[in-house]
């Protein structure tokens, strides 16, 4: 029995504690003091308190950068974890700012509470290398997200989407738990590093194959990779804008990070290889298959969409495919590339959702037809939307382009000979040609189509506009000067020794 | 200093967006001033660097951990093309003086495109070059989709997808080369010196070459060019045919051929009668020459004639590159300049002087209008431009095509015959277009009286004179460009090409 140092545990968990405390304070003030006030004031106050809590947690991480590893990876603190946590907290702050102008609910305190609890879930998730803690944090995150997706009680479709999300989520959690239990059975440990040591062997145990597949299903659901993506289009389309934005950004970042960690650490030694035509059994071919399906399905189905949110959902599936390549490569460099990609992707997606929220609010829906002639009614919003969309399409000098370049380069560099994974990279690049088509169709609506004559001019709230400009500037800046983010990520990845 | 051609164009584009709403005249003048400033800088640099050797403009680390640098450099080839870009930029603005709708945005996209084109020609780092190369796609799309004519949204999308597909092929090739060389540098000269294995070069060369050649309108990947050119507004067609297609040809020469010179060498076996990629691309180029000219011969739409003539003329450039001898390569670079000027001029006559006045480009409708009387300046300009495009002595086209034909004669005597056929067909289609559009007989005297066409405006005259002068100057004294092109081709960058298969 290892003695537990509760003081140290508390100290390490203090950023999460701050976030949860902020959540409780925000809810208490909202319910006790502001209950009778108009929604916008309640949202402003609650979001401010929550954002201050997140900022305090960031400060706490920056000012006291502990390095520790408690109980064989049950809770970990190192520069890499800190970096991801700071990214998650920043994305949460952006989501909170985005929610300030919302009108979809009267339950302001609960909404903000759930966002912060989900954030705490993501923070624990990325700070652990222990199956139990990973599973519990994942469930904490997922349960909050199901509720967030259903938060618009006036919309039946929102319910439907949330129910779908919940059913698929529950099923995939069962798969994940099954996989984890097999791993525990094989290794008699819940720590990722011990598991890797125990399952290491010359040939693949059949139980291990099942564990690989079920774990991939569980985590593939979280990152919306095909063929576990069925919830994504509905949730992206029907959930309230801030919830959808959070699901598409912060939750993605955390899920991809833990996906990489579980595969690269937990299944180390049974990688196999995805090099054609000499596939070697292991988890890499499984991930490569999911990546291939996601890239094909996401990009091809996105062409037919008429709703911008649904289009973003399918493009998210496609991007999940690109990012899975980073897991296929599973090197230090590819982890850095994956993090750069997923963080800049989250920024661009959040920005796109912020623009959608404004347009939806004024025009009633996110149908592409409602974006006709937007550039003449809201030039600033349109330029920012163009930046987000083009970054997703991977056009330089925006962040999305450098993300793709770096990711693909690290994927090719991960094998002894660059041609081994060339087929995956070539497929990804070819599919990005398809993606340009549907992204340009969106911009065609905004810039080329004539505005319909009978609509009111768009009034964008100052706060939304500020957020959109800030995010667009970040996407442009990280594209023009990738080094700003990259050297931080690379240093963190190297020091963590993953 | 030369780097400011890029920055000033981007700044001009940003400045245009800040102008108050509805300021049409200010937008035109600001755009023109920006283009003139860019040209002046280019000209000053051209005069200053008469030796044509490579000189570095800027070199700072960009993404140090990946070995990516922000490195701009120029040699005689880049200087020639930068000069061409400056001329086309100015005249393109002169020929768009009549744009009324969303003027600010038009010139902002235009200058963005110009800045990116300057960037491609001046980049000496492959990553940087690729960044500029892809920036070009987006303004091109909007220029056509918003301000274009016939089937503009289709033409614009087709153009964007083709360009992006080409650049995707280039991207795969470049990333593979970058990783193969150890992922330490993206510098063009360092990678050109890296000894890639012959096997790798054989695979990477066609990938990157075709990727660039799509934008250069190589047959059978040329189909974006006629539709795109026809759909585009005048200034955009001038830019597309004048400089954007040159980006592709420049990429073929500067990137594909310098990085993978062994890819041009013989396979060691013959497949379908071809012995190397060089043979394949030479034949495709000749097909492009003859096919483009023949299709131009039967068009009913005036602008399609010019669109297909571009495919034909770009075939000369690609063929010149494949000759791999000094005269052929120099001729190819000279043809890049020459075709840029002449295509610009031809599109200006068709798109601006004729179409904007008559609102039709059908020969059947243009003939009865008696255009040689109605707009004599347009007729004279087209005759001059047509003579230059046919390759009559005294114009730049003559020197360039002559050098290419001599080069082909040395490398592929058999193909030279087909090139000759292409040149003859070229004379015929220009002649036919000229006759049908401007000098058709009036069939009936009782043709309905037309509204008198508005006279040719001053900016149009000025633009036409600049372009004709630019062509005649090089036609009479080609040494002005050859003096910088030839030393550039003899520089260390092309050493691999010279040692490998240079003849």
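Chains as they are written, first to last, in the working numbering: chain A, 1 to 498; chain B, 499 to 1001. Glycine included, each C-beta is placed from N, C-alpha and C at the ideal position.
- prompt: residue 322 of chain A lies in the alpha helix (DSSP H); which residues open and close that run?
  reply: Residue numbering aside, residue 322 of chain A sits at position 322 when the first chain is read from its first letter. In this chain, the alpha helix (DSSP H) harbouring residue 322 of chain A covers 308-329.
Q. DSSP state of residue 378 of chain A, grouped into three classes?
A. As a first step, residue 378 of chain A is located in the first chain; it is residue number 378 there, counting from the start. Residue 378 of chain A: coil per DSSP, three-state reduction.
Q. For residue 631 of chain B, is the classification buried or exposed, using 16 other Cβ atoms within 10 angstroms of its Cβ as the cut-off for buried?
A. Along the second chain, one-based indexing puts residue 631 of chain B at 133. Under this definition residue 631 of chain B is a buried residue.
Would you list the residues sitting across from residue 860 of chain B in a DSSP beta bridge? Your numbering for residue 860 of chain B matches position 362 in the second chain. Beta-bridge pairing links residue 860 of chain B to B:799.
Of all Cβ atoms in chain A, is any one closer than 8 Å to the Cβ of residue 984 of chain B?
For the purposes of this step, residue 984 of chain B is identified with residue 486 of the second chain, where counting begins at 1. So, not an interface residue.
| Given a threshold of 16 other Cβ atoms within 10 Å of its Cβ, counted over all protein chains shown, does residue 454 of chain A qualify as buried or as exposed? | One-based indexing of the first chain puts residue 454 of chain A at position 454. When all chains shown are included, residue 454 of chain A counts as exposed.
Practice task
Consider the Cβ of residue 655 of chain B: report whether some Cβ of chain A lies at a distance smaller than 8 Å.
Solution key: Sequence index remark: in the second chain, residue 655 of chain B carries index 157 (1-based). Answer yes: the Cβ-Cβ gap between residue 655 of chain B and chain A drops below 8 Å somewhere.
Starting from residue 302 of chain A and walking both ways along the alpha helix (DSSP H), at which residues does that stretch end?
In the first chain, counting from the first residue as 1, residue 302 of chain A sits at position 302. Taken as a continuous stretch (DSSP letters only), the alpha helix (DSSP H) holding residue 302 of chain A covers 283-302.
query = Going along the chain, which residues of its own chain have a beta-carbon closer than 6 Å to the beta-carbon of residue 388 of chain A, five neighbours each way excluded?
reply = Residue mapping note: residue 388 of chain A aligns to position 388 of the first chain, counting from 1. So the qualifying residues of the chain are 348, 351 and 352.
Reducing DSSP to helix, strand and coil, say where residue 559 of chain B ends up.
In the second chain, counting from the first residue as 1, residue 559 of chain B sits at position 61. Looking at residue 559 of chain B - three-state DSSP - the assignment turns out to be strand.
Query raised in the report: Taking contact to mean at least 3 C-beta pairs separated by less than 8 Å, is the stretch 84-93 of chain A in contact with the stretch 55-66 of chain A?
Result: yes
When B:556, B:805 and B:962 are compared against residue 787 of chain B, the one with the closest alpha-carbon: What you label residue 787 of chain B is simply residue 289 of the second chain in a count that begins at 1. Cα-wise, what sits closest to residue 787 of chain B is B:805.
### Message
Could you compute how far the alpha carbon of residue 417 of chain A sits from the alpha carbon of residue 715 of chain B?
### Response
Mapped onto the first chain, residue 417 of chain A falls at position 417. Mapped onto the second chain, residue 715 of chain B falls at position 217. Pairing residue 417 of chain A with residue 715 of chain B, the inter-Cα distance amounts to about 34 Å.
message: Suppose the cutoff is 6 Å on Cβ atoms and the five residues either side in sequence are ignored; what does the same chain contact list for residue 285 of chain A look like?
response: As a working note, residue 285 of chain A is residue 285 in the first chain. If we look at residue 285 of chain A and ignore the five residues flanking it on each side, its Cβ neighbours are 272, 274 and 279.
Review point. With a Cβ-Cβ cutoff of 8 Å, do residue 126 of chain A and residue 74 of chain A count as a contact?
Key: Walking along the first chain from the start, residue 126 of chain A turns up at place 126. Walking along the first chain from the start, residue 74 of chain A turns up at place 74. No, these two residues do not count as a Cβ contact at 8 Å.
Counting only beta-carbon atoms, is residue 692 of chain B nearer than 8 Å to chain A?
The residue given as residue 692 of chain B occupies position 194 in the second chain. So, not an interface residue.
Any residues in the stretch 632-658 of chain B with a beta carbon nearer than 8 Å to a beta carbon of chain A? Which ones, in chain order? Within the stretch 632-658 of chain B, the residues whose Cβ lies closer than 8 Å to some Cβ of chain A are 632, 633, 635, 636, 639, 640, 643, 644, 651, 655 and 658, listed in chain order.
Between the stretch 597-614 of chain B and the stretch 563-575 of chain B, can you find at least three pairs of beta-carbon atoms closer than 8 Å? no
Cα-Cα separation, residue 976 of chain B to residue 897 of chain B: Position 478 of the second chain, counted from the first residue, corresponds to residue 976 of chain B. Position 399 of the second chain, counted from the first residue, corresponds to residue 897 of chain B. If you take the alpha carbons of residue 976 of chain B and residue 897 of chain B, they lie about 7 Å apart.
According to DSSP, residue 769 of chain B sits in a beta bridge with which residue or residues?
Against the second chain, residue 769 of chain B aligns to sequence position 271. Residue 769 of chain B pairs with B:772.
So the beta strand (DSSP E) residue 69 of chain A belongs to, where does it begin and stop? Here the question's residue 69 of chain A lines up with position 69 in the first chain. Per DSSP, residue 69 of chain A belongs to the beta strand (DSSP E) from 68-70.
| request: Any chance you could list the alpha helix (DSSP H) runs of at least 4 consecutive residues sitting entirely within the stretch 808-850 of chain B, in chain order? | output: 824-845
Review point. Ordered along the chain, which non-local residues of its own chain (more than five positions away) have a Cβ less than 7 Å from that of residue 1001 of chain B?
Key: What you label residue 1001 of chain B is simply residue 503 of the second chain in a count that begins at 1. Residue confidence is low: residue 1001 of chain B scores 47 on pLDDT, short of 50, so the model does not pin down where it sits. No coordinate-derived value is stated.
Next on the checklist: Rounded to whole angstroms, what is the Cα-Cα separation between residue 659 of chain B and residue 746 of chain B?
Outcome noted: Within the second chain, the letter at position 161 stands for residue 659 of chain B. Within the second chain, the letter at position 248 stands for residue 746 of chain B. Roughly 15 Å between the two C-alpha positions.
Problem set entry | Beta-carbon separation (whole angstroms), residue 39 of chain A vs residue 106 of chain A, contact threshold 8 Å | What you label residue 39 of chain A is simply residue 39 of the first chain in a count that begins at 1. What you label residue 106 of chain A is simply residue 106 of the first chain in a count that begins at 1. Confirmed, about 7 Å.
So residue 982 of chain B and residue 971 of chain B are in contact, right, with Cβ under 8 Å, and what is the actual spacing, rounded? Within the second chain, the letter at position 484 stands for residue 982 of chain B. Within the second chain, the letter at position 473 stands for residue 971 of chain B. Not confirmed; about 14 Å, so no contact.
Q) What residues from chain B crowd round residue 487 of chain A, counting only those whose CB sits closer than 7 Å? A) Here residue 487 of chain A corresponds to residue number 487 of the first chain, with the count starting at 1. Residues of chain B passing the Cβ test: 563.
What are the partner residues of residue 1076 of chain B, as DSSP defines its beta bridges? Nothing about residue 1076 of chain B can be read from this structure; chain B reaches only from 499 to 1001.
Checklist entry - If you measure from the beta carbon of residue 227 of chain A to each beta carbon in chain B, is any gap under 8 Å? => result For the purposes of this step, residue 227 of chain A is taken as the residue at position 227 of the first chain. Not an interface residue.
Any chain A beta carbon closer than 8 Å to residue 567 of chain B | Here the question's residue 567 of chain B lines up with position 69 in the second chain. Residue 567 of chain B does not count as touching chain A.
task: Report the three-state DSSP secondary structure of residue 4 of chain A (helix, strand or coil).
output: Here residue 4 of chain A is taken as the residue at index 4 of the first chain, counted from 1. Residue 4 of chain A: coil per DSSP, three-state reduction.
- Task: Grab the span of the alpha helix (DSSP H) containing residue 398 of chain A for me, first residue to last.
- Result: As a working note, residue 398 of chain A is residue 398 in the first chain. Premise fails: residue 398 of chain A is in no alpha helix (DSSP H) and is neither H nor E.
Determine, for residue 734 of chain B, whether the minimum Cβ-Cβ distance to residues of chain A falls below 8 Å.
Here residue 734 of chain B refers to the residue found at position 236 when the second chain is read from its first residue. With 8 Å as the cut-off, residue 734 of chain B does not count as an interface residue toward chain A.
Step through the CB atoms of chain B and report whether any lies within less than 8 Å of the CB of residue 340 of chain A. As a position in the first chain, residue 340 of chain A is number 340, starting the count at 1. Judged by the 8 Å Cβ criterion, residue 340 of chain A is not in contact with chain B.
- Query: How many angstroms separate the CA atom of residue 265 of chain A from the CA atom of residue 196 of chain A?
  - Reply: Taking the first chain and counting its residues from 1, the one referred to as residue 265 of chain A is at position 265. Taking the first chain and counting its residues from 1, the one referred to as residue 196 of chain A is at position 196. One C-alpha to the other measures close to 7 Å.
| message | At a CB distance below 7 Å, what residues from the stretch 326-338 of chain A approach chain D? Give them in sequence order. | response | Of the protein chains in the structure, A and B, none is chain D.
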